[in-house]
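> Input: one structure, supplied below.
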Amino acid sequence: MIGPPAGRGLLQDKVVVVTAAAGTGIGAAIAERCLAEGACVVLSDRHERRLGAARDRLLTSYRKRVWSLVCDVTDDREVTALVSGAAAEFGRVDVMINNAGLGGERPVHEMTDNEWSRVLDVTLSGTFRCTRAALRQMIAQGGGGAVVNNASVLGWRAQAGQAHYAAAKAGVMAFTRCAALDVAAHGIRVNAVAPSLATHPFLSKVISEPELAELAGREAFGRAAQPWEVATVVAFLASDYASYLTGEVISVSSQHP
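Heads up: the sequence shown is residues 434 to 690, going by our numbering.
Below you can see the structure in the form of structure tokens.
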């Protein structure tokens, strides 16, 4: 299989904030792709140790274009500090990428209020908080910019045990469409990607191998996506190449309506 393409300067000199950017999944791949495309990147995550490791790894290649701040997207004070900190460090915020999300597996009849609320607070309300903070900053700068949200094909299709996660991701899709109209007059674009299965080293800890194989078999290519394959689509939506695209959800999967 081919590897990630070389950067082409799609985000040259843009300031990009990425939530849930530590670890080995989509968020980390997005941060690295944005750096490869010439951006200054603000990494955030609620896991301080993993965030520090991610920052240190990227600093070896990208030096002064990387900054990080711990942020729990369920805490509006931390979200506000993330956006204001990014603007203070790099002078502005051009792109907000909302990657933070929380899953789980529980049938509705066994699900607790806390399990339901926690998934929606991180995945949907967290996206709202970060988008709101970024939009306020972008408008204060004079307008322009882009928001890219991480949705999921589960926002469209059903899967047992995923009612809370699917409801949150469907909410992210609807939120994306409405927010796009709210800020179109300011020249700000709001779009989303909807991945299905993106492989990373720790995926087998939360999904069994037979289930992983079954989910991969639903895809047109018969395999899970690599995180960088989602990240390249995010970079496109964040870039000026998508200047007339807003309120859209792009499926990075063959599973869509």
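For every residue, glycine included, the Cβ atom is placed at its ideal position computed from N, Cα and C.
1. Mind checking which residues open and close the alpha helix (DSSP H) that includes G650?
2. Mind the definition here: the stretch 507-525 touches the stretch 548-564 only if three or more C-beta pairs lie below 8 Å; say whether that holds.
3. On the criterion of 16 or more Cβ atoms from any shown chain inside 10 Å, does D446 qualify as buried, or is it exposed?
4. Starting from M529 and walking both ways along the beta strand (DSSP E), at which residues does that stretch end?
5. Applying the 10 Å Cβ sphere with the 16-neighbour rule, what's the burial state of Y674?
6. For W661, which of helix, strand or coil comes out of DSSP?
7. Could you tell me how far apart the beta carbons of A658 and P628 are, in whole angstroms, since I believe they sit closer than 8 Å?
8. Specify the secondary structure class of L443 as computed by DSSP and reduced to three states.
9. As a quick exercise: from A671, S676, S684, S686, pick the residue whose alpha carbon is nearest that of L444.
10. How about L645 and A601: are their beta carbons less than 7 Å apart?
11. When burial is assigned at 16 or more other CB atoms within 10 Å of the CB, is C611 buried or exposed?
12. My output table needs one value for R622: the three-state DSSP class, helix, strand or coil.
13. Would you report the Cα separation of G471 and P540, rounded to the nearest angstrom?
14. Would you verify that the beta carbon of H597 is, or is not, closer than 7 Å to some beta carbon of chain C?
15. Spell out a yes or no on whether the stretch 456-474 and the stretch 485-502 are touching, meaning 3 or more CB-CB pairs, one atom from each, closer than 8 Å.
16. At the level of alpha carbons, what is the spacing between V503 and S477?
This is what the structure holds:
1. Taking the sequence shown and counting its residues from 1, one reaches residue 650 at position 217. Segment 642-650, the alpha helix (DSSP H) holding G650.
2. yes
3. For the purposes of this step, residue 446 is taken as the residue at position 13 of the sequence shown. Answer is exposed; the Cβ neighbour count stays below 16.
4. Within the sequence shown, residue 529 is the residue found at index 96, counting from 1. 528-531 is the extent of the beta strand (DSSP E) around M529.
5. Here residue 674 is taken as the residue at index 241 of the sequence shown, counted from 1. When all chains shown are included, Y674 counts as exposed.
6. Position 228 of the sequence shown, counting from 1, holds the residue named residue 661. W661 falls in the helix class under three-state DSSP.
7. For the purposes of this step, residue 658 is identified with residue 225 of the sequence shown, where counting begins at 1. For the purposes of this step, residue 628 is identified with residue 195 of the sequence shown, where counting begins at 1. Sure, about 6 Å apart at Cβ, within 8 Å.
8. As a first step, residue 443 is located in the sequence shown; it is residue number 10 there, counting from the start. The answer is coil: DSSP assigns L443 none of H, G, I, E or B.
9. Taking the sequence shown and counting its residues from 1, the one referred to as residue 444 is at position 11. For L444, the nearest C-alpha among the options comes from A671.
10. The residue given as residue 645 occupies position 212 in the sequence shown. The residue given as residue 601 occupies position 168 in the sequence shown. Their beta carbons are not under 7 Å apart, which means L645 does not touch A601 by this criterion.
11. On the sequence shown, residue 611 is found 178 positions in, with the first residue counted as 1. Classification for C611: exposed.
12. Position 189 of the sequence shown, counted from the first residue, corresponds to residue 622. Strand.
13. Taking the first residue of the sequence shown as position 1, residue 471 is located at position 38. Taking the first residue of the sequence shown as position 1, residue 540 is located at position 107. Those two C-alpha atoms are separated by around 44 Å.
14. Although the question refers to chain C, the structure presented lacks it and comprises just one protein chain.
15. yes
16. By 1-based counting over the sequence shown, the position of residue 503 is 70. By 1-based counting over the sequence shown, the position of residue 477 is 44. Cα to Cα, the separation comes out at about 5 Å.
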